[in-house]
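Worksheet: one structure, shown below.
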Ligand SMILES: Cc1cc2nc3c(=O)[nH]c(=O)nc-3n(C[C@H](O)[C@H](O)[C@H](O)COP(=O)(O)O)c2cc1C
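In our numbering, the protein residues as written are 1 to 207.
Here's what the structure looks like:
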């Protein structure tokens with residue numbers, strides 16, 4: 001009885017302190033400072049719920065004039081992952097992943113011509129698509145870390161020789177470009193985060 005009341009008291013204090021499970025959720029700064037690229041996975045699946053949480057975090061990114069040009073292709077089928085992504089030198093990284101998220105950007109947008117509010121919308125280039133989508137990709141990496149999973153940003157645009165076969169295999173339209181390919185999985189390694197703090201890169205007030 002005494003042990004039970006201790007457990008209840010501990011759980012209650014965790015809830016009051018904002019803890020979600022037996023472990024306190026790490027702070028945003030902890031997640032940012034401890035995120036590191038993970039390139040080895042157990043092969044275990046990632047649930048759809050987890051993937052939707054990760055994508056929701058991605059879509060919370062800032063976006064120039066709030067166009068939200070991001071589009072995603074999420075592949076969880078092992079055979080498809082192997083055939084689409086495991087063609088280069090890092091193939092184990094993809095085949096061991098539970099899912100592969102291709103973060104894409106739509107390079108065009110529908111807008112009224114500048115200064116013509118009564119004109120019909122027309123298709124125009126969106127020159128900010130890759131900035132928006134880079135913010136998405138970073139949010140995804142941080143959400144993955146916060147969920148106790150691992151991931152790594154692997155190059156897409158502008159390495160078109162890598163992008164084109166992936167876009168073709170996945171049926172991605174011409175005005176949508178894969179910015180990066182992110183294998184996500186249960187980590188099979190625990191790399192030490194790199195210390196990138198270099199005060200000499202900062203110019204206070206003036207370069
Ligand atoms: C634009 C970009 C492209 C990258 N491409 C690859 C890649 O193709 N393969 C890979 O293993 N890592 C890739 N990375 C991950 C970097 O190698 C990694 O972020 C860097 O070494 C710093 O390590 P950290 O992420 O653990 O801090 C890429 C990262 C970025 C931002």
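C-beta: ideal position from N, C-alpha, C; glycine also.
Through-space distance from residue j to residue i, alpha-carbon basis
{"i": "residue 29", "j": "residue 145", "result": "12 Å"}
{"i": "residue 22", "j": "residue 191", "result": "For residue 22, the pLDDT reaches just 44, beneath the cut-off of 50, and the residue's location in the model is therefore unreliable, although a value from the coordinates is still provided. Spanning the two alpha carbons is a distance of roughly 24 Å."}
{"i": "residue 194", "j": "residue 113", "result": "46 Å"}
{"i": "residue 203", "j": "residue 33", "result": "22 Å"}
{"i": "residue 136", "j": "residue 51", "result": "14 Å"}
{"i": "residue 189", "j": "residue 92", "result": "13 Å"}
{"i": "residue 159", "j": "residue 61", "result": "23 Å"}
{"i": "residue 122", "j": "residue 180", "result": "28 Å"}
{"i": "residue 119", "j": "residue 94", "result": "47 Å"}
{"i": "residue 111", "j": "residue 96", "result": "42 Å"}
{"i": "residue 106", "j": "residue 206", "result": "37 Å"}
{"i": "residue 161", "j": "residue 55", "result": "26 Å"}
{"i": "residue 148", "j": "residue 78", "result": "21 Å"}
{"i": "residue 170", "j": "residue 80", "result": "10 Å"}
{"i": "residue 37", "j": "residue 90", "result": "13 Å"}
{"i": "residue 41", "j": "residue 117", "result": "52 Å"}
{"i": "residue 69", "j": "residue 109", "result": "8 Å"}
{"i": "residue 178", "j": "residue 53", "result": "21 Å"}
Opposing strand residues paired with residue i [DSSP bridges]
{"i": "residue 24", "result": "Answer by DSSP bridge pairing: none, since residue 24 is not bridged."}
{"i": "residue 223", "result": "There is simply no residue 223 to check, as the chain begins at 1 and stops at 207 in what is shown."}
{"i": "residue 70", "result": "105"}
{"i": "residue 95", "result": "Partner(s): none; residue 95 has no beta bridge."}
{"i": "residue 152", "result": "Its beta-bridge partners do not exist; DSSP assigns none."}
{"i": "residue 75", "result": "100"}
{"i": "residue 178", "result": "104"}
{"i": "residue 184", "result": "99 and 151"}
{"i": "residue 158", "result": "156"}
{"i": "residue 89", "result": "None; residue 89 has no bridge partner."}
{"i": "residue 41", "result": "187"}
Residue i and residue j closer than 9 Å at C-beta
{"i": "residue 184", "j": "residue 151", "result": "yes"}
{"i": "residue 186", "j": "residue 43", "result": "yes"}
{"i": "residue 172", "j": "residue 126", "result": "no"}
{"i": "residue 46", "j": "residue 103", "result": "no"}
{"i": "residue 101", "j": "residue 128", "result": "no"}
{"i": "residue 132", "j": "residue 82", "result": "no"}
{"i": "residue 142", "j": "residue 35", "result": "yes"}
{"i": "residue 176", "j": "residue 167", "result": "yes"}
CB-CB length for residue i against residue j, believed under 8 Å
{"i": "residue 75", "j": "residue 57", "result": "Incorrect: roughly 19 Å between the Cβ atoms, too far for contact."}
If you measure from each CB to the nearest heavy atom of ligand 1 and keep those under 6 Å, what residues do you get, in chain order? 36, 37, 39, 90, 152, 153, 154, 155 and 194
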